[in-house]
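The structure appears right after this line, and notes come after that.
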Amino acid sequence: MKTGRFLYLLLLVLPMLLTACQDEENTSCTVSIQLIAPADCPALTFDDLLVTLTSKNGQATSYTARCNAIGLSVFNVEYGEYSAAVHYQMPSGAILNGRIESVLLDPRKENESQAIPLLLSHAKTNALIIKEIYYGGCLDKEGEWYMGDQYVTLYNNSAETLYLDGLCLAVVNPGTNFNPSPWIEENPNMKLIPVHDFTWQFPGKGNEHPLLPGTSTTIAANAVDHTSGEYGHPGAINLSKVDWAFWNETFKKQAIPSLGVTSLNLLLRTNPYGNKYNLPTVGPAFMVFSLQAPEGAEAYVTNESNRKPQPGANIQNLKYLMVPREWILDCVDCVESKEQVPNYRVPVELNSVPAYMPMGSFKGYSLIRKQATTVNGRIVYQDTNNSAEDLTTIPASLKNQ
Amino acid sequence: MKRNNVEKQALANEKEEEIILKFTPVLKDSLCTDCGACVPVCPVGIFKMVNGVVLMIKGAATKCNGCNKCRSVCATNAITVS
Chain A
5 MKTGRFLYLL LLVLPMLLTA CQDEENTSCT VSIQLIAPAD CPALTFDDLL
55 VTLTSKNGQA TSYTARCNAI GLSVFNVEYG EYSAAVHYQM PSGAILNGRI
105 ESVLLDPRKE NESQAIPLLL SHAKTNALII KEIYYGGCLD KEGEWYMGDQ
155 YVTLYNNSAE TLYLDGLCLA VVNPGTNFNP SPWIEENPNM KLIPVHDFTW
205 QFPGKGNEHP LLPGTSTTIA ANAVDHTSGE YGHPGAINLS KVDWAFWNET
255 FKKQAIPSLG VTSLNLLLRT NPYGNKYNLP TVGPAFMVFS LQAPEGAEAY
305 VTNESNRKPQ PGANIQNLKY LMVPREWILD CVDCVESKEQ VPNYRVPVEL
355 NSVPAYMPMG SFKGYSLIRK QATTVNGRIV YQDTNNSAED LTTIPASLKN
405 Q
Chain B
6 MKRNNVEKQA LANEKEEEII LKFTPVLKDS LCTDCGACVP VCPVGIFKMV
56 NGVVLMIKGA ATKCNGCNKC RSVCATNAIT VS
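Listed in order, the protein sequences are those of chains A and B.
At the far end of the first sequence sits residue 405, using my numbering, and the numbering has no gaps.
At the far end of the second sequence sits residue 87, using my numbering, and the numbering has no gaps.
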């Protein structure tokens, strides 16, 4: 009698259990990523490499898997859209990076049989690096958000003297990162990098502004003392003693730099509007580059054929200066929060994964490079073209200096 | 500065008590660079460029549909929509 009731109940429950299992199975799938070594690394030992899949939907959840000997990594993840990234430093010190912008796992497609190829490439190490970027701002004396004291510090990470003359600084378009970059969506391996609105250039004719090995130089948005005088924000930074300022008389709301601070040249403004220059407080992709055009910097930037409108933009007459990827000496990609990490703005050759400040902006924090080693007393900073790994968050280093 | 802030708050002063705002866009002058990125993206035309300065049109905030397009193109957190 009891057995009969059990069987009856089992018959009732079994279809429900089977349906639940089926639903469970339908939410995830298996996907394989096959790494492909660069041509000059045929003997690469793949089993040291980790592949990271990051969800492009919602919370940017990450999954990591180790490769087998032939470079194959296997994931079992929920359906959705992911990016895949690899970052590896070889025993020789050389860096390998690779990234797939979109891995679409669609329940309507058969993903199990796919092994998605991911080509690895060498990361370029730079002599001139962006050491610190303080874009987040702080709170002013009234407790309101304040961004006037932003700054960027460059550093000579090499053993040779470098010259800043003629080098350019700019933010990569788009200036925001709430949505995926339309440039990256159009071409993940873009050879030309779009400059957002303004291009700044160091003055000098070649050897007027040396940067000695192991030394740094700072460029402020507003090179004034933000802690006293007409500003008087105790939580802000005194930037009256920095070397350089992003300043031009066309920016009506910009502070005139303190005495002794040299202004960069505003080489080009493609946006006719703007009354002050600020780094995006939501997190910039910031780059330093050398305008190597044989016709000269001015001729290059004024040539309309070197500009392009943003793909899919409503306004097609707003065109951005396009800079060859090879001209970029260093680039850091910073986004507002973990959720925006998939919205990177530069190809993997320049940066693989963006960094973000966990506490957010307006808290007085910077992103600064981690120290890698010291050579004869000279600090060498970590530069693996991976902002997420190379940068760490600290209170802005120029505060209280 | 405060005057600019007031100008940029496009609240319908005249009939404020009669209008229930579903969404309230606020443009904070101290953070606005006047880059103009918000002007073309707003589907209901809340923002306007006047003599190189971004302003919110008086009364237009009542039209805000909360799409957040303005917020998504503002690089300096100058716009909030609550």
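Where a beta carbon is used, it is the ideal one built from N, C-alpha and C, also for glycine.
Do residue i and residue j have their C-beta atoms within less than 8 Å of each other?
i: B:Val55; j: B:Val44; result: no
i: A:Tyr324; j: A:Thr274; result: yes
i: A:Cys71; j: A:Val55; result: yes
i: A:Leu109; j: A:Cys172; result: no
i: A:Gln38; j: A:Gly75; result: yes
i: A:Lys280; j: A:Gln296; result: no
i: A:Val352; j: A:Arg103; result: yes
i: A:Val199; j: A:Val286; result: no
i: A:Gly179; j: B:Ala83; result: no
i: A:Leu371; j: A:Ile137; result: yes
i: A:His237; j: A:Lys145; result: yes
i: A:Val350; j: A:Val176; result: yes
i: A:Pro288; j: A:Tyr385; result: no
i: A:Leu272; j: A:Thr203; result: yes
i: A:Ala89; j: A:Ser356; result: yes
i: A:Gly267; j: A:Pro276; result: For the record, residue 267 of chain A in the displayed sequence is Ser; it is not Gly. For A:Ser267 and A:Pro276, no; Cβs fall outside 8 Å.
i: A:Tyr92; j: A:Leu53; result: yes
i: B:Phe28; j: B:Cys75; result: no
i: A:Gly316; j: B:Cys40; result: no
i: A:Tyr150; j: A:Gly141; result: yes
Closer than 7 Å by beta-carbon distance: list the chain A residues that pair up with residue i, in chain order.
i: B:Asn70; result: In chain order: nothing, as chain A lies at least about 17 Å away.
Taking 8 Å as the CB-CB limit, is residue i close to chain A?
i: B:Leu32; result: no
i: B:Cys40; result: yes
i: B:Val86; result: no
i: B:Cys75; result: no
i: B:Leu36; result: yes
i: B:Gly57; result: yes
Against chain B, does residue i count as a neighbour if the rule is that its beta carbon must be under 8 Å from one of theirs?
i: A:Phe293; result: no
i: A:Ser267; result: no
i: A:Glu148; result: yes
i: A:Met326; result: no
i: A:Pro313; result: no
i: A:Ile319; result: yes
i: A:Asp229; result: no
i: A:Asn226; result: no
i: A:Asn252; result: no
i: A:Met194; result: no
i: A:Phe290; result: no
i: A:Asn183; result: yes
i: A:Met94; result: no
i: A:Gln386; result: no
In chain B, which residues lie with their C-beta within 9 Å of the C-beta of residue i?
i: A:Ser220; result: Neighbours of A:Ser220 on chain B: none; closest Cβ ~25 Å, over 9 Å.
i: A:Pro362; result: Result: empty, since nearest Cβ-Cβ is about 17 Å, beyond 9 Å.
How many whole angstroms separate the CB atoms of residue i and residue j, which I take to be in contact at a CB cut-off of 8 Å?
i: A:Asn269; j: A:Gln205; result: 5 Å
i: A:Cys335; j: A:Tyr360; result: Actually they are not in contact, since the Cβ atoms of A:Cys335 and A:Tyr360 sit about 16 Å apart, beyond 8 Å.
i: A:Leu100; j: A:Leu132; result: So it is not a contact: roughly 22 Å between Cβ atoms.
i: A:Ala73; j: A:Asp153; result: A:Ala73 to A:Asp153, Cβ: 52 Å. No contact.
i: A:Val265; j: A:Leu158; result: That belief does not hold up - the Cβ atoms of A:Val265 and A:Leu158 are roughly 15 Å apart, past 8 Å.
i: A:Thr222; j: A:Trp248; result: 7 Å
i: A:Ala225; j: A:Val246; result: So it is not a contact: roughly 10 Å between Cβ atoms.
Which residues in the same chain have their Cβ closer than 7 Å to the Cβ of residue i, if we skip the five residues on either side of it in sequence?
i: A:Ala98; result: His126
i: A:Asn406; result: Here chain A has residues from 5 to 405 only, and residue 406 of chain A is not among them.
i: A:Asn80; result: Ser32 and Thr34
i: A:Gln405; result: none
i: B:Val78; result: Ala42, Cys43 and Val46
i: A:Cys25; result: Residue placement at A:Cys25 is flagged as unreliable, the pLDDT there being 40, under the threshold of 50; the coordinate-derived value follows with that caveat. Cβ neighbours of A:Cys25 beyond the five flanking positions: none.
i: A:Asn310; result: Tyr304, Leu325 and Met326
i: A:Ser401; result: Glu136, Ser370 and Ile372
Name the chain A residues whose beta carbon is nearer than 9 Å to that of residue i?
i: B:Met54; result: Tyr277
List, in chain order, every chain B residue whose beta-carbon is nearer than 7 Å to that of residue i.
i: A:Gly179; result: Ala80
i: A:Asn282; result: Thr38 and Thr81
i: A:Asp201; result: Cys40
Run down chain B in chain order and give the residues with a C-beta less than 8 Å from the C-beta of residue i.
i: A:Ser365; result: Asn82
i: A:Thr285; result: Leu36, Ala80, Thr81 and Asn82
Just to confirm my understanding: we take residue i, look at its own chain, exclude 5 residues before and 5 after, and list those with CB closer than 8 Å. What are they?
i: A:Glu85; result: Ser59, Lys60, Asn61, Ser106, Val107, Leu108 and Leu109
i: A:Asp387; result: Thr129, Asn130, Ile133, Asn161, Asp334, Arg373, Ala376 and Asp394
i: A:Trp331; result: Phe293, Ser294, Leu295 and Gln296
i: A:Ala163; result: Pro217, Val379 and Arg382
For chain D, check one thing: does any of its Cβ atoms lie closer than 8 Å to the Cβ of residue i?
i: B:Pro48; result: Of the chains in the structure shown, none is chain D; the protein chains are A and B.
Given residue i, which residues of its chain have a CB within under 6 Å of its CB, disregarding the five upstream and five downstream residues?
i: A:Gly170; result: none
i: B:Thr85; result: Val31
i: A:Gly210; result: Asp169
i: A:Ser66; result: Thr56 and Thr58
i: B:Gln33; result: Looking at the sequence provided, one finds Lys at residue 33 of chain B rather than Gln. Answer for B:Lys33: Ala83, listed in chain order.
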